[in-house]
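Number of protein chains: 2
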Amino acid sequence: MTLQHAQTNSPRDRILRERAAYVIPGGMWGHQRAAALPSGYPQYFSSGKGARVTDVDGREYIDFMCAWGPVILGHLHPTVEAAVAQQSAQGVCLNGPTEHAVTLAERLVAMVTHADWALFQKNGSDAMTTCVTVARAETGRRKVLVAHGAYHGAVPWCSPSLVGVTSEDRAHLLHFTFNDTASLAQAVEAAGEDLAAIVVSAFRHDLGVPQEMPSAAFAKAARAACDYAGAALIVDDVRAGFRLNLAGSWQTHGVAADLSAFSKAIANGHALAAVTGNDRFREAASRVFVTGSFWYSGAQMAAAIATLDELSRIDGPAVMQRAGQRLRDGLDAQAAHYGFELRQSGPPAMPLVQFNGDDATATLGDAFCTEALRRGVYLHHRHNMFLGTAHTDAEIDSALDATEGAFAALAKTRPLPSGEAA
Amino acid sequence: MTLQHAQTNSPRDRILRERAAYVIPGGMWGHQRAAALPSGYPQYFSSGKGARVTDVDGREYIDFMCAWGPVILGHLHPTVEAAVAQQSAQGVCLNGPTEHAVTLAERLVAMVTHADWALFQKNGSDAMTTCVTVARAETGRRKVLVAHGAYHGAVPWCSPSLVGVTSEDRAHLLHFTFNDTASLAQAVEAAGEDLAAIVVSAFRHDLGVPQEMPSAAFAKAARAACDYAGAALIVDDVRAGFRLNLAGSWQTHGVAADLSAFSKAIANGHALAAVTGNDRFREAASRVFVTGSFWYSGAQMAAAIATLDELSRIDGPAVMQRAGQRLRDGLDAQAAHYGFELRQSGPPAMPLVQFNGDDATATLGDAFCTEALRRGVYLHHRHNMFLGTAHTDAEIDSALDATEGAFAALAKTRPLPSGEAA
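Just so you know, the protein sequences line up as chains A and B, in that order.
The numbering used here applies: residue 15 is where the first sequence begins, and numbers increase by one.
The numbering used here applies: residue 15 is where the second sequence begins, and numbers increase by one.
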């Protein structure tokens, strides 16, 4: 890897940011706002292919964000794009769904262990809101338990931000600590006879803190609490779905959800979300009114069928686990060589890489990611990253060539966490 | 028009419905659920082209629903699809937006009178929720006024259904009657110093009742009330946007919104929504956290740019107004000839056609739409319909040939509204 992107040589990105400053509040919104990243990260992109993305200034990166999750088979997977093109040539939005809606629902029911039925939406937030609405409709109760710090969407009832949100929007939320069965029991107790649902993420993937897989005891306790109370166990598989276990992420722990929300990777980047549920919640799911103008479009469902077929065919989760482990092992070896110690957490297919001993502002993590970016590798050290099946051994090894350089550069300058004496 | 679709000759639709009964609660969800339509309406579609849609059994219809709004330049408009194809060949979802995000925001700011900035989402509900959140963030207040019976989305705070919704989800909603300035003043009074926003639809397009354009007095009163109280005037242009006035639907009445929500027709069927706002709300819009996994995708924004360009080039609203008036005049003449009297309401580009003297279950409307459907014209008589620029004089005249037959059939059987003596 002789690639070395100059941070300042990004005239197109700079011009677009200047134009955006006039017509987009704050220059950009939401999770893809580059201002939240170390300087040098591009805001605007032009293309992606396989495991690579290219920014508007033509700089190519090995991509470990995969569009923050949606891309799971690599950018522009030919089978998926062919399925999209075939349906797109027939029509975009019609006066009803296409047959893909039925085929995709059948596919999910066959693939996701707990699923007896499916409904489709556009955003992960749509799917989570639908799950909660269905749980309330079936149980006739209101309280919803969520883990402290967990992300379940960007709508008022669950947004991580309280700006513009009223306290009534979250009046029936109660909190527990992920993997803490005692705190879960306390929250269940507090909800009393009004417990509609316990919401859990596939694993703890909160921003900026080490990730945690659910313990067997916690997963079983959540299931048992719902069974005892007659509440719904909702697994938020929006971020992790289809990367860890095609049967549903909590099936790995032997626990079946009542309702699951999927989105991100379901259609390899095409806009789609899904709720799956079991028979207990079927009637309620037929009574709630959830809909959207574009929710019936065929192309994204065709993309999902192709994506799930391909993930099944190649055992996608195993491929990504292996690729993620190769990256993890390589980074650990390099860190040790250069005198750093990493804290790598979460499943290998969705890794979070932090520096032990880093300061509160993650000075080391920032510097490392910036050096890697200059060498053509797009990493993130606060949000979990995403592997895809396009991360071949060769791509991982190319990325490791670059991170070797990043560690070397880091060791040379060795920025000390603030607060430590030089 | 010798076309005559046999209602029972729909084996593929029937088979799909039977399959869906197992894997989709209630067989289908939301506004495209055909069970809510007269029998004979297909549930599943295969394609669309120009002003025509084709169902899974190969029956073609002149389409007056336009996918319930999204299709405005006709199905598969070549310029729009070319723009989509060009961006889609580059990538679907990347690690940031493409330059189309900036270009589209600039286009909206140039086109929509009140707009100083724009933000993009996927659903109309996303856009409306964002408007309310921004209004609350800027004003520091909570109360939101909406018209009785108005549709603003399918999420708990505004859903037309209360199934699975808690009273707290709507704790800060207050209601007024559209076009009733006294009731608006009462609601403003009730909100007192906690008034964050008044929400109005482009016009009254509530399900199953005659449509009403806003009166000049009402539009000005809503604007004045917001000015006086320091609240936001939010125009829900999700359904009507770009069909009536490219500058924003309420500009026709000389009233500028503070915040507007657009979706449906913005990208000719491709999934996109937008919020536009003025400078007063810019800072608040930069502070709220609203986002979604697919909100940065370039292809739908490229589609929107192409759609808005084409609508500007051909003066789309004038084209649709003219086509809608041709349909309206033709239907009125046919109705008179066969001894019926229609109540046609709303703007010609978004017509609602009802039968004067019809009963509460709209027996006449049902029968007329069913007869039209059998003759290859897809109408709706409870929800407003949608014209598009693909509705040429020739298409309107073909449709009128078919409705002539539908009126003749109706006159022959003349089903009397229930409750009337035969």
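Glycine is no exception: its CB is placed at the ideal position from the N, C-alpha and C atoms.
Predicted model, so just to flag it, every value in this text is computed and none were measured.
- Using a CB distance cut-off of 8 Å, C172/B does not count as an interface residue toward chain A.
- Looking at the DSSP output, W131/B bridges to G291/B.
- Per DSSP, the continuous alpha helix (DSSP H) segment holding I319/A begins and ends at G312 to I328.
- The shortest CA-to-CA distance from R155/A to any of Q100/B, K136/B and V177/B is the one to V177/B.
- P56, Q57, Y58, F59, S60, S61, G62, V67, V70, D77, M79, A81, W82, G83, P84 and V85: these are the residues of the stretch 56–88 of chain A whose beta carbon lies less than 7 Å from some beta carbon of chain B, given in chain order.
- Nearest CB-CB separation between F256/A and chain B: not below the 8 Å threshold.
- H351/A is classed as exposed because its beta carbon has fewer than 16 other beta carbons within 10 Å across all chains shown.
- As the crow flies, the alpha-carbon of G283/A is around 13 Å from that of S61/A.
- When C-alpha distances from V158/B are compared across G110/B, G353/B, A201/B and S307/B, the shortest belongs to A201/B.
- Setting aside the 5 residues that flank it on each side, A115/B is surrounded in the same chain by F134, Y310 and M315, each with a C-beta closer than 7 Å to its C-beta; the list follows chain order.
- Taking 8 Å as the upper bound for CB-CB distance, L393/B and F78/B are in contact here, some 5 Å apart.
- Each residue's CA atom was taken as its position, placing F59/A and P170/A some 29 Å apart.
- Assigned with DSSP and collapsed to three states, G338/B falls in helix.
- Boundaries of the alpha helix (DSSP H) harbouring L414/B: D407 to T427, taken from the DSSP string.
- Distance from G306/A to N137/B at the Cβ level is roughly 4 Å; contact confirmed, criterion being Cβ atoms closer than 8 Å.
- V70/A sits in coil when the DSSP states are folded into three classes, being neither helix nor strand.
- Against chain B, the CB of Y310/A has a partner CB under 8 Å away; the residue lies at that interface.
- Contact fails between the stretch 106–113 of chain B and the stretch 274–282 of chain B, because fewer than three Cβ pairs, one in each stretch, are under 8 Å apart.
- For L356/A, the uninterrupted beta strand (DSSP E) run begins and ends at L356 to S359, by DSSP.
- Residues of chain A whose Cβ lies closer than 7 Å to the Cβ of F217/B do not exist; the shortest such Cβ separation is about 18 Å.
- With a cutoff of 8 Å on beta-carbon distance, A298/B and E207/B are scored as not near each other.
- Under the 10 Å beta carbon count, S24/B is surrounded by 16 or more other beta carbons and is classified as buried.
- With fewer than 16 other Cβ atoms from the protein chains shown falling within 10 Å of its own Cβ, T375/B counts as exposed.
- Straight-line measurement puts the Cα of K63/B at about 11 Å from the Cα of C80/B.
- Taking 8 Å as the cut-off, the beta carbon of V252/A is found no closer than this to the beta carbon of A423/A.
- Distance check between W43/B and each of G330/A, E418/A and F303/A places F303/A closest, using alpha-carbon atoms only.
- At a beta-carbon threshold of 9 Å, none of the residues of chain A lie near G338/B; the nearest stands roughly 18 Å away.
- Taking 8 Å as the CB threshold, G306/A lines the interface with chain B.
- Within the model, the alpha-carbon separation for L325/A versus L87/A is close to 8 Å.
- Closest option to G291/B, judged by alpha-carbon separation, among S277/B, N259/B and L247/B: L247/B.
- By the Cβ-count criterion, L221/B is exposed, with fewer than 16 other Cβ atoms from all chains shown falling within 10 Å of its own Cβ.
- For S53/A, the three-state secondary structure derived from DSSP is coil.
- Residue-level contact by beta carbon fails for G371/B and chain A, as no gap is shorter than 8 Å.
- DSSP places G62/A outside any alpha helix (DSSP H); the residue lies instead in the beta strand (DSSP E), whose first and last residues are F59 to K63.
- Taking the CA atoms as reference points, R237/A sits about 44 Å from G390/A.
- Within chain B, the residues placing a beta-carbon under 7 Å from that of V123/A are V37, ordered along the chain.
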